[in-house]
DNA sequence: CCGATTCCGTTTGGTAGCAAACGAAAACCG
DNA sequence: CGGTTTTCGTTTGCTACCAAACGGAATCGG
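Protein chains in written order, with the numbering used here: chain S, 12 to 178; chain W, 12 to 178.
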């Protein structure tokens, strides 16, 4: 209950209650959700300033490279879904990755509306050197958690994801 | 163990291992970190498409309004820190909020480099109507979790935040 | 005092992110 | 076939986000 012990947060809670008047406040949910967001921001910033910047990659760029590495050449639409990005955003990310020489676009002969994206040799080399370091960095981010706690965390988050994604 | 049970993920794990060869993979950490990010994205998107869009606010805009509501008029630098944004980003967010009529800037008389930001009447009215709904939405996002699990989740994330933010 | 330094918010230039509109290509169907 | 509809990826227009550079204002040191 480290959060509850913080005078900073107790103060905030008191202020919020004052603003809310009689209306009830679901403090546990508020804390859970806001911590999800803060953790994600912190972890992303850390990754981008640390490992990723050395390779000239953003979080989204890394994700895209990683997906292509694991799954191989893919159509734009599938790649976007796998990266959890809109088609429009993926177009931009791929454009940047192309500029950096990490990926290449290929027109599909049988259907000229379609385009596939694949790693270049440089992209392959980069992700193969980068991923082990990224995975090590991930380990550092959760180093205060036991193996069980990591699994517990992943599972709790999975339930939130399922709820949030469902329409 | 929901994640491990998914054939989709097992397949991915196998592929990653194949790419990695003999090098070891810290799968628990990978899953924990990637789920943090996916959960944050899902929760944010859901909030922006649901509650927030009705009020013409982004996640960052809402956060800013909320901080100003709880803490009152603030200097730009403090507001940026409290919102966990860079000064530059906050300038933009405040500009948007000003355009929408939610906040106003005030030059500080005693030190003309400084600027404070405060809620307008419209901003106050908005956040007072919005926050209860946002808090209800937060509850929905974690409705699959017991109170203990919410606290557990918040605590596990707090440890990650502390690790990631420390330099 | 006054020159150098520090402090503060904004601007600049870049990437990332989305929805909606678009244009070309394929598929559908009468 | 040929017109309509659907399916693609991209473009457009917007907000958000950051680091670094900037420029005005305050402060510090002699």
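Virtual Cβ for every residue (Gly too), placed ideally from N, Cα, C.
Nearest residue (CA-CA) to residue i, options the options
i                      : options                       : result
residue 56 of chain S  : W:22, W:141 and W:97          : W:97
residue 101 of chain W : W:22, W:54 and W:71           : W:71
residue 167 of chain S : W:23, W:158, W:80 and W:142   : W:158
residue 264 of chain W : W:156, W:73 and W:58          : Nothing can be reported for residue 264 of chain W: it is not among the residues displayed for chain W, which extend from 12 to 178.
residue 65 of chain S  : S:86, S:111, S:45 and S:32    : S:111
residue 35 of chain S  : W:120, W:163, W:156 and W:139 : W:139
residue 11 of chain W  : W:137, W:30 and W:163         : For residue 11 of chain W there is no data in the structure shown, the boundaries of chain W being 12 and 178.
residue 120 of chain S : S:82, S:86, S:29 and S:155    : S:86
residue 95 of chain W  : S:31, S:29, S:154 and S:45    : S:45
residue 131 of chain W : W:30, W:32 and W:75           : W:75
Within 8 Å, strictly: CB atoms of residue i and residue j
i                      : j                      : result
residue 133 of chain W : residue 84 of chain W  : no
residue 172 of chain W : residue 53 of chain S  : yes
residue 51 of chain W  : residue 48 of chain S  : yes
residue 175 of chain S : residue 152 of chain W : yes
Other residues of its chain near residue i: CB distance less than 6 Å, five sequence neighbours each side excluded
i                      : result
residue 145 of chain W : 62
residue 177 of chain W : none
Sequence-distant residues of the same chain with beta carbon closer than 7 Å to residue i, five excluded per side
i                      : result
residue 103 of chain S : none
residue 118 of chain W : 126
residue 91 of chain W  : 97, 98 and 101
residue 24 of chain W  : 38
residue 156 of chain W : 164
Local Cβ density within 10 Å of residue i, reported as buried at 16 or more and exposed below that
i                      : result
residue 161 of chain S : buried
residue 108 of chain W : buried
residue 40 of chain W  : buried
residue 105 of chain W : buried
residue 149 of chain S : buried
residue 169 of chain S : buried
residue 58 of chain W  : buried
residue 12 of chain S  : Only weak support is given to the placement of residue 12 of chain S: the predicted model assigns it a pLDDT of 46, under 50, and the question is left unresolved by the model.
residue 29 of chain S  : exposed
Continuous alpha helix (DSSP H) stretch holding residue i: start and end
i                      : result
residue 129 of chain W : Premise fails: residue 129 of chain W lies in the beta strand (DSSP E), 126-130, not in any alpha helix (DSSP H).
residue 35 of chain W  : No alpha helix (DSSP H) holds residue 35 of chain W; DSSP gives it neither H nor E.
residue 88 of chain W  : 87-94
residue 76 of chain W  : 70-82
residue 103 of chain S : 98-110
residue 168 of chain W : 158-176
Enclosing beta strand (DSSP E) for residue i [first to last residue]
i                      : result
residue 118 of chain W : 114-118
Beta-carbon contacts of residue i that lie in its chain and below 8 Å, excluding the five residues immediately before and after
i                      : result
residue 88 of chain S  : 98
residue 116 of chain W : 105, 109, 126, 127 and 128
residue 142 of chain W : 77 and 80
residue 135 of chain S : 80
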